[in-house]
Amino acid sequence: MTRHVDPGLGVCYYPEHWPSELWADDLDRMKEAGLATVRIAEFAWSLMEPTNGDFSSIGWFDDFLDLCAERSMRVIFGTPTATPPVWLQRAHPEILNADRSGQTYDGPRRNYNYNAPAYRYYADRVVEQIARHYGSHLAIVGWQIDNEINCEIDEFYSEGDHLAYREFLRAELGTLEEVNRALGLTFWSRQYSDWSQVRLSGRGLHDAVNPHSLLWEKRFFSHSAVRFARKQVEILRSHVPDSHFITTNGLFGNLNYTELMKAGLDFITFDSYPNFAFDVDRDLAADRLRDRRWSWSLTRTRSISRCFGIMEQQSGAHGWTSRMMG
1 MTRHVDPGLG VCYYPEHWPS ELWADDLDRM KEAGLATVRI AEFAWSLMEP
51 TNGDFSSIGW FDDFLDLCAE RSMRVIFGTP TATPPVWLQR AHPEILNADR
101 SGQTYDGPRR NYNYNAPAYR YYADRVVEQI ARHYGSHLAI VGWQIDNEIN
151 CEIDEFYSEG DHLAYREFLR AELGTLEEVN RALGLTFWSR QYSDWSQVRL
201 SGRGLHDAVN PHSLLWEKRF FSHSAVRFAR KQVEILRSHV PDSHFITTNG
251 LFGNLNYTEL MKAGLDFITF DSYPNFAFDV DRDLAADRLR DRRWSWSLTR
301 TRSISRCFGI MEQQSGAHGW TSRMMG
């Protein structure tokens, strides 16, 4: 079994937000504070590929990584597929996720769907370029796949998802007769008579959805996310040393983390934001224990993988306008 480097105590840092003249001093102060690891790059797609196919700036993080190596600071490098660049969204609007009514999401992040062939192509391509360029850098000890898979929204209703759902049910259940039986479609006369009729649930007169159909949709959402992550793992494994770990951060809905581990991750991490319980745009009474979910997430994470980590830990007021309370 490969022994990976323990990342120890670290911090999320965004070199792209700060003048490069500050990087060395920031890293020195991190060292003085006892920090050993820096996570970077998970939102930096447009820096490394500013226009379609232009990877002339793929090495944007080279100087920062060199500064880390000089100080024996370890780096976790994130794949930036949680934030598709605007040029990609405009060139291929079919990559955008949609709600049940078909309305697409324009931004600001996690607004894509896993089943658009164009998105899979461009995501795989940028991960390949990153792995080739940075995979051997001495400062890097591990990789984070995407960022918070299924965060923000964990349901997907783009046209690509409808088509992929059809093929998912065909692979899992085989025949329309079995689809009608497994999804309970006799109720309210919802049986399919042709595969072209198969779609995810649309917006109805009320929120009630056939629970059998809903279960299969949730399985599909998880299947799509796991397949998306697995491909990134495969790309990274083909270019980075065996000593590098590969992980992702959670925990979020409609995602089977046991299956995600089987996609080739070394362990699971989770993000802890207890003060999100007090968002000013959310009724606290509706979820009184939200600020205690960190302990539940810890229990879940430890049940999923023997090794685990906390990738993000809230240490103060958040930057979102609805989450500025200290």
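Reading the sequence shown from the start, the letters are residues 1 to 326 in UniProt numbering.
We treat Cβ as the ideally placed atom computed from N, Cα and C, and that holds for glycine.
Here the structure is a predicted model, which means the values were calculated and not measured.
Do the CB positions of residue i and residue j come within less than 8 Å of each other?
i	j	result
residue 265	residue 235	no
residue 137	residue 58	no
residue 82	residue 147	yes
residue 251	residue 300	yes
residue 85	residue 60	no
residue 200	residue 257	no
residue 222	residue 167	no
residue 129	residue 43	no
residue 68	residue 22	no
residue 145	residue 229	yes
residue 7	residue 41	no
Nearest to residue i by alpha carbon, out of the options?
i	options	result
residue 116	133, 162 and 139	162
residue 205	298, 90, 54 and 100	100
residue 169	38, 219 and 54	219
residue 244	27, 143 and 38	143
residue 238	7, 127 and 32	127
residue 119	139, 154 and 158	158
residue 308	51, 230 and 261	261
residue 241	248, 274 and 135	135
residue 52	67, 21, 121 and 306	121
residue 49	125, 39, 187 and 178	125
Are there 16 or more other CB atoms within 10 angstroms of the CB of residue i, so buried, or fewer, so exposed?
i	result
residue 19	exposed
residue 156	buried
residue 141	buried
residue 114	buried
residue 72	exposed
residue 316	exposed
residue 1	Legend: pLDDT at residue 1 = 44, less than 50; position of this residue unreliable, no value from coordinates given.
residue 74	buried
residue 64	buried
residue 78	buried
residue 207	exposed
residue 13	buried
residue 37	buried
residue 9	exposed
residue 34	exposed
residue 216	buried
residue 123	buried
residue 232	buried
residue 248	buried
residue 62	exposed
residue 171	exposed
residue 190	exposed
Return the Cβ separation of residue i and residue j in integer angstroms, given the expectation that the two are a contact with Cβ distance under 8 Å.
i	j	result
residue 270	residue 297	5 Å
residue 253	residue 150	6 Å
residue 176	residue 182	Wrong, their Cβ atoms sit about 11 Å apart, outside the cutoff.
residue 70	residue 160	Wrong, their Cβ atoms sit about 45 Å apart, outside the cutoff.
residue 30	residue 11	6 Å
residue 272	residue 304	About 16 Å separates the two Cβ atoms, so there is no contact after all.
residue 225	residue 185	At roughly 25 Å, the Cβ-Cβ gap does not stay under 8 Å, so residue 225 and residue 185 are not in contact.
Taking 7 Å as the cut-off, is the C-beta of residue i nearer than that to any heavy atom in the ligand MG?
i	result
residue 150	What this structure holds is no ligand at all, so the ligand MG is not there to describe.
Could you say if the region 88-95 and the region 192-208 meet the contact criterion of at least three C-beta pairs nearer than 8 Å? no
Assess, as a yes-or-no matter, whether the region 100-110 is touched by the region 209-223 under the definition of 3 or more beta carbon pairs within less than 8 Å. no
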